[in-house]
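Numbering (this note's numbering), first residue to last: 30 to 122.
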(Lines of atoms letter the chains of each structure in order from A; the text may use other names.)
(Lines give C-alpha, C1' and ligand atoms only; values in the text may rest on other atoms or scores of the structure.)
Protein backbone atom coordinates (compact mmCIF):
# COMPACT_ATOMS: atom_id res chain seq x y z
CA UNK A 30 0.00 0.00 0.00
CA UNK A 31 1.22 3.49 -0.78
CA UNK A 32 0.05 6.54 1.18
CA UNK A 33 1.08 10.14 0.57
CA UNK A 34 0.41 13.40 2.37
CA UNK A 35 -0.06 16.54 0.32
CA UNK A 36 0.50 20.20 1.11
CA UNK A 37 -2.63 22.32 0.52
CA UNK A 38 -0.97 24.20 -2.37
CA UNK A 39 -0.64 20.97 -4.35
CA UNK A 40 -4.14 19.71 -3.62
CA UNK A 41 -5.74 20.92 -6.88
CA UNK A 42 -3.16 19.38 -9.21
CA UNK A 43 -3.04 16.26 -7.06
CA UNK A 44 -6.82 15.90 -7.35
CA UNK A 45 -6.46 16.09 -11.12
CA UNK A 46 -3.74 13.42 -11.02
CA UNK A 47 -5.92 11.24 -8.77
CA UNK A 48 -8.81 11.60 -11.19
CA UNK A 49 -6.63 10.62 -14.15
CA UNK A 50 -5.13 7.69 -12.24
CA UNK A 51 -8.60 6.56 -11.22
CA UNK A 52 -9.84 6.69 -14.82
CA UNK A 53 -6.81 4.70 -15.99
CA UNK A 54 -7.41 1.96 -13.40
CA UNK A 55 -11.17 1.94 -14.08
CA UNK A 56 -10.50 1.59 -17.82
CA UNK A 57 -7.99 -1.20 -17.16
CA UNK A 58 -10.49 -3.00 -14.94
CA UNK A 59 -13.32 -2.62 -17.48
CA UNK A 60 -11.05 -4.04 -20.19
CA UNK A 61 -10.22 -7.08 -18.06
CA UNK A 62 -6.77 -5.86 -17.04
CA UNK A 63 -3.42 -6.70 -18.57
CA UNK A 64 -1.03 -9.39 -17.40
CA UNK A 65 1.93 -6.93 -17.28
CA UNK A 66 0.11 -4.21 -15.27
CA UNK A 67 -0.61 -4.58 -11.57
CA UNK A 68 -4.27 -4.58 -10.60
CA UNK A 69 -5.62 -1.82 -8.35
CA UNK A 70 -7.31 -3.54 -5.41
CA UNK A 71 -8.44 -0.50 -3.42
CA UNK A 72 -8.15 3.28 -3.50
CA UNK A 73 -9.38 5.75 -0.92
CA UNK A 74 -8.58 9.02 0.83
CA UNK A 75 -8.32 8.68 4.59
CA UNK A 76 -9.94 11.16 7.00
CA UNK A 77 -6.52 12.75 7.61
CA UNK A 78 -5.91 13.29 3.88
CA UNK A 79 -3.73 10.31 3.01
CA UNK A 80 -4.14 9.07 -0.55
CA UNK A 81 -3.96 5.27 -0.32
CA UNK A 82 -3.74 2.88 -3.26
CA UNK A 83 -3.52 -0.86 -2.69
CA UNK A 84 -2.07 -2.69 -5.67
CA UNK A 85 -1.69 -6.37 -6.39
CA UNK A 86 1.32 -7.83 -4.54
CA UNK A 87 4.49 -8.11 -6.59
CA UNK A 88 6.75 -10.59 -4.79
CA UNK A 89 10.00 -9.38 -6.34
CA UNK A 90 9.25 -5.65 -6.15
CA UNK A 91 8.78 -3.40 -9.13
CA UNK A 92 10.82 -3.42 -12.32
CA UNK A 93 13.12 -0.65 -11.08
CA UNK A 94 13.92 -2.74 -7.98
CA UNK A 95 14.67 -5.69 -10.24
CA UNK A 96 17.04 -3.68 -12.45
CA UNK A 97 18.76 -2.01 -9.48
CA UNK A 98 19.28 -5.36 -7.74
CA UNK A 99 20.56 -7.18 -10.83
CA UNK A 100 24.05 -8.59 -10.55
CA UNK A 101 25.52 -6.85 -13.56
CA UNK A 102 23.94 -5.88 -16.86
CA UNK A 103 21.01 -7.84 -18.24
CA UNK A 104 21.77 -10.00 -21.23
CA UNK A 105 20.43 -9.11 -24.65
CA UNK A 106 17.67 -11.75 -24.68
CA UNK A 107 16.52 -10.89 -21.15
CA UNK A 108 16.53 -7.20 -22.02
CA UNK A 109 14.45 -7.84 -25.13
CA UNK A 110 11.97 -9.96 -23.18
CA UNK A 111 11.47 -7.26 -20.52
CA UNK A 112 11.31 -4.52 -23.15
CA UNK A 113 8.65 -6.50 -25.00
CA UNK A 114 6.59 -6.76 -21.80
CA UNK A 115 6.88 -3.01 -21.17
CA UNK A 116 5.88 -2.19 -24.75
CA UNK A 117 2.93 -4.57 -24.51
CA UNK A 118 1.67 -2.86 -21.34
CA UNK A 119 2.14 0.67 -22.73
CA UNK A 120 0.45 -0.26 -26.02
CA UNK A 121 -2.49 -1.63 -24.05
CA UNK A 122 -2.87 1.69 -22.25
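Beta carbons are placed, not taken as given, at the ideal position from N, Cα and C, and that holds for glycine.
Taking the beta carbon of residue i as the centre, do at least 16 other beta carbons fall within 10 Å, making it buried, or is it exposed?
i: residue 54; result: buried
Please report the Cβ distance between residue i and residue j, rounded to the nearest whole angstrom; I am assuming they are in contact, meaning their Cβ atoms lie under 8 Å.
i: residue 103; j: residue 84; result: Between residue 84 and residue 103 the Cβ distance is about 24 Å, and since that is not below 8 Å, they are no contact.
i: residue 57; j: residue 66; result: 6 Å
i: residue 80; j: residue 41; result: The Cβ separation is near 14 Å, so there is no contact.
Using DSSP with H/G/I as helix, E/B as strand and the rest coil, what is residue i?
i: residue 72; result: strand
i: residue 87; result: coil
i: residue 80; result: strand
i: residue 51; result: helix
For residue i, which option in the options has the closest C-alpha, if you only look at C-alpha atoms?
i: residue 73; options: 90, 118, 105, 44; result: 44
i: residue 92; options: 108, 78, 77, 120; result: 108
Should residue i and residue j be called a contact, given that it needs their Cβ atoms to be closer than 8 Å?
i: residue 110; j: residue 63; result: no
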